[in-house]
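Residue numbers (this note's numbering), protein chains in the order written: chain A, 291 to 586; chain B, 604 to 1041.
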Amino acid sequence: MSTTAIETKVALDQALDLNTAPRKQSSVEVTDYDNRQTVGKITVDNPKMTCRGVNVYYGEKHAIKNVGLDIGANEVIAFIGPSGCGKSTFLRCLNRMNDTIPICRVTGQLRLDHDDIYDKSIDVVQLRARVGMVFQKPNPFPKSIYENVAYGPRIHGMVNTKAELDDLVRESLERAGLIKEVEKRMDEPGTSLSGGQQQRLCIARAIAVNPEVILMDEPCSALDPIATAKIEELIDELRENYTIIIVTHSMQQAARVSQRTAYFHLGDLIEVGETDQIFTNPKHKLTEDYITGRFG
Amino acid sequence: MNKPTASPPTKIPSRDIKTIVNAGLARRHAAERRFRWYGLIAITLGLTFVVLMFANIIGKGYPAFWQTYIQVPVTFDAAVIDPQGNRDPQAIETADYAALVRAGMRQLFPNVQGRLELRALYGLVSSDAAHELQDRVLQNPALIGASQEVWLLASASVDTLVKGNIDRALDESERPIKDNQLEWVDKLQAAGKIEKQFNTILFTSGDSREPEQAGIRGALMGSFFTLLVTFLLSFPIGVATAVYLEEFAPKNRWTDLIEVNINNLAAVPSIVFGLLGLAVFINFFGLPRSAPLVGGLVLSLMTLPVIIIAGRAALTSVPPSIREAALGMGASKLQMVGHHVLPLAMPGMLTGSIIGMARALGESAPLLMIGMVAFIVDVPKGFMDPSTVLPVQIYLWSDLPERAFVERTSAAIMVLLAFMILMNGLAILLRKRFERRW
Ligand SMILES: Nc1ncnc2c1ncn2[C@@H]1O[C@H](COP(=O)(O)OP(=O)(O)OP(=O)(O)O)[C@@H](O)[C@H]1O
Ligand SMILES: [Mg+2]
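Rendered as structure tokens:
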């Protein structure tokens, strides 16, 4: 059959080769973890969380390598990096969700305000009430919309009367920008909502307990652009009251919602800085490669 | 993703994909058709056997739901029932009601003479007829002195004859019913004094040596008490074990060992549990033989592994995202399990348990070992009363040669199957009702 098919294939191979060539040259191997310096300033003036010398191991696998980073109060910080570089792993250290993985081991110091969150005196129940989490895939409970939002306040005993709880649920849904859509169907199952609505329901559920920090692991990866825009808007509003850490694969999203950006690579925190600076003028070669799309 | 830089263009096959696929298409379709046929044949075969089995059992068993009665004129002779005339309940209870039955039979056939002939005549009605009369009088003492036409239970051989299961052409000595009896029955039938009524005795009385008086009430109650013990023990323990092993226990060599053992226990032949029960509950703890309590304990041992395995499967099928959501909200582990995981796993657990219970209901081997195979006339009233269970009752009856027991065996099988179908239906209903909702 056609010679055109062959030509196309050859052309494609060559195009791919063109892409792979510079990648090889730029692979700077980082081996000396203790003396490695993250490029950029890891500290902030007004930190909400401070992490120093954090290492995470999955059994033998060293997934996070000596990472130090401050998270400022009322800022949105974005974690970016190629798949498998440890963004989720690091995020899950911040509310100790890693505790649920038996083979996972965390060392180093992580503080929320002044409390060492891995200290024995800290109860994970309390920590997770203070550091809420929104997951990549919307995961509402298979209960009513109302029950989804009411769950946190209920188990923590935040309210005394039904009226208070009603108010809190309404307020949380309102802040999550969902109230108009669900006002009339509070008793329907949360799983009956669309994907974007479900994710906003999960955000409402998280803010209902009034946490100090909200962790978001790729919250928009399952959503269409319109739902994504709504959530980004929401993140911007929530910043007034909360500290938000967001993992994202979308450079545009990071640029739109965050003030600071941290770039991870194979378990290393390579570079951190003001979002504008990271995207316009990255200092590290790896960051530049990733930003300019020559990577991952 | 290291591509060899100077890779030559890969060899493009000479034929395009369309021809390649087309070439193999006929073979693929043929394979698919063949597979469909195999499936169809397997299902037809299976269904045929099911239909045959049901046809056989129902065909044999349904006559057992009807029972022959003979209408007899009975005079409740005060001289027999209450010779003193003071209506002493004790005397009334112990009176010779059989004499009333005999008098009634003689009244039906006044011409019958001679000891042997009379004996044959009296044999037309069941020995239970006297109890029937006693019951009537005890319930209504005003009957004493009155006369009444009473439908009395016919003997098993008359019943068999009326149901057409005795070959009249046989020689008299080979028939359970003699020539003179044949004649009387024919006369009674001609006079409309023989009738088939719904067999309530089958459901209201316990076992008996006389087929026409034998019922499955005793076995049913025995099965009920036994299964109640089994459920009360194995469901909570099984669910708790499943939850602990799946959600709380550390994953180490010990839990692995326990898991392997539980899986093995599920495969142990049930009679072994019977031996274990005999050794532990009866010989060591000294619990009574033939008691539903012991039966229930033994069946719990057998059902537990099934419930644990089903429970764990149900728990693992709850998606991890729900657990993460709960934990991420700050729920403790127990809250996570109690509020979210267990409610979602419950239908699966119940389904598994019901199927385990259905298996326990049909089990007979282990119960033979602990003496639930005895001939027990009284209907058990509690967990300690000697009793038997439905499958064992079936086993006992199937051993008896009388035609009436043969049909009762099939009737009991029908009842057992009905319960099985009911339980499985319940399991399906539960599964449908709580279809996965995430
Ligand atoms: N539960 C686990 N057990 C073992 N290894 C794990 C586990 N979770 C993650 N890892 C490993 O840790 C490394 C980092 O994983 P992580 O999920 O943090 O990556 P990520 O940056 O979030 O990737 P993605 O962008 O694809 O979500 C990976 O190499 C992964 O294989
Ligand atoms: Mg991730």
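For glycine and all other residues, C-beta sits at the position ideal for the given N, C-alpha and C.
- In this structure, V944 (chain B) sits away from L970 (chain B), with a CB-CB distance that is not shorter than 8 Å.
- By alpha-carbon distance to R460 (chain A), the top candidate from A:L491, A:D409, A:K427 and A:P430 is A:L491.
- Identification of chain A residues near I925 (chain B) by a Cβ-Cβ cut-off of 7 Å yields N429 and F431, ordered along the chain.
- When secondary structure is reduced to three states using DSSP, C510 (chain A) falls in the coil class, being assigned neither helix nor strand.
- Against S935 (chain B), the close residues of chain A are V415, in the order they occur along the chain (beta-carbon pairs closer than 7 Å).
- Contact between F554 (chain A) and G371 (chain A) is confirmed by a C-beta separation of about 4 Å, below the 8 Å threshold.
- Of all residues in the stretch 521-536 of chain A, none comes within less than 7 Å of chain B when Cβ atoms are compared.
- Of the residues assessed, T647 (chain B) falls on the exposed side of the cut-off, its CB having fewer than 16 other CB atoms within 10 angstroms.
- Listed along chain B, the residues sitting closer than 7 Å to H446 (chain A) by beta-carbon distance are G933.
- Ordered by chain, the residues meeting the criterion of a beta-carbon within less than 7 Å of a non-hydrogen atom of ligand 2 are A:K377, A:S378, A:Q426, A:D507, A:E508 and A:V537.
- With a cut-off of 7 Å, the C-beta of C510 (chain A) is classified as distant from ligand 1, since no heavy atom of the ligand falls inside that distance.
- Beta-bridge partners of W857 (chain B) (DSSP): none assigned.
- Looking at B:A629, B:P891 and B:P946, the one whose alpha-carbon comes closest to that of V842 (chain B) is B:P946.
- The alpha-carbon of K351 (chain A) is positioned some 21 Å away from that of P853 (chain B).
- Along the stretch 371-393 of chain A, the positions whose C-beta sits under 9 Å from a C-beta of chain B are N385, M387, D389, T390 and P392, read in chain order.
- Taking the Cα of K781 (chain B) as reference, the smallest distance to any Cα among B:R722, B:L703, B:A794 and B:I804 is reached at B:R722.
- Secondary structure note for Y347 (chain A): its beta strand (DSSP E) is the uninterrupted segment P337 to Y348.
- The beta carbon of K377 (chain A) sits closer than 7 Å to the beta carbons of F369, G371, V537 and F554 from its chain, once the five residues preceding and following it are set aside; these are given in chain order.
- Excluding its 5 nearest sequence neighbours in each direction, L513 (chain A) has C-beta neighbours in its own chain below 8 Å: G485, G486, Q489 and I521, listed in chain order.
- Taking a contact as a CB-CB distance under 8 Å, the pair Q549 (chain A) and V346 (chain A) does not count as one, their CB atoms being some 25 Å apart.
- Distances between the C-beta of G371 (chain A) and the heavy atoms of ligand 1 include at least one below 7 Å.
- Each of A:Q327, A:N364, A:E473 and A:P572 was checked against the Cα of D335 (chain A), and the nearest Cα belongs to A:N364.
- Look at the stretch 332-354 of chain A: it has no residue with a C-beta under 9 Å from a C-beta of chain B.
- With a threshold of 7 Å, the Cβ atom of K1035 (chain B) does not count as near ligand 1, since no heavy atom of the ligand is closer than that.
- Between V357 (chain A) and V832 (chain B), the alpha-carbon positions lie close to 59 Å from each other.
- Looking at the DSSP output, I354 (chain A) shares a beta bridge with A:V346.
- Contact annotation: E862 (chain B) and T919 (chain B) have beta-carbon atoms that are not nearer than 8 Å.
- G422 (chain A) sits buried, since 16 or more C-beta atoms from the chains shown fall within 10 Å of its C-beta.
- Classified as buried, G330 (chain A) has 16 or more neighbouring CB atoms from the shown chains inside 10 Å of its CB.
- Shown here, S484 (chain A) sits in coil according to DSSP, grouped into three states, outside any helix or strand.
- Distance between M708 (chain B) and R771 (chain B), taken at the CA atoms: about 23 Å.
- A residue is called buried when at least 16 other Cβ atoms come within 10 angstroms of its Cβ; D685 (chain B) meets this threshold and is buried.
- Going by DSSP, F554 (chain A) is part of the beta strand (DSSP E) stretching over R550 to H555.
- B:L1029 is the residue among B:L764, B:K936 and B:L1029 whose C-alpha sits nearest the C-alpha of P950 (chain B).
- Positions of the beta strand (DSSP E) runs, each at least 3 residues long and wholly inside the stretch 732-811 of chain B, are given as 750-756 and 797-801 in order along the chain.
- When C-beta distances to chain A are compared with 9 Å, the residues of the stretch 945-973 of chain B below that value are P946 and L947, in chain order.
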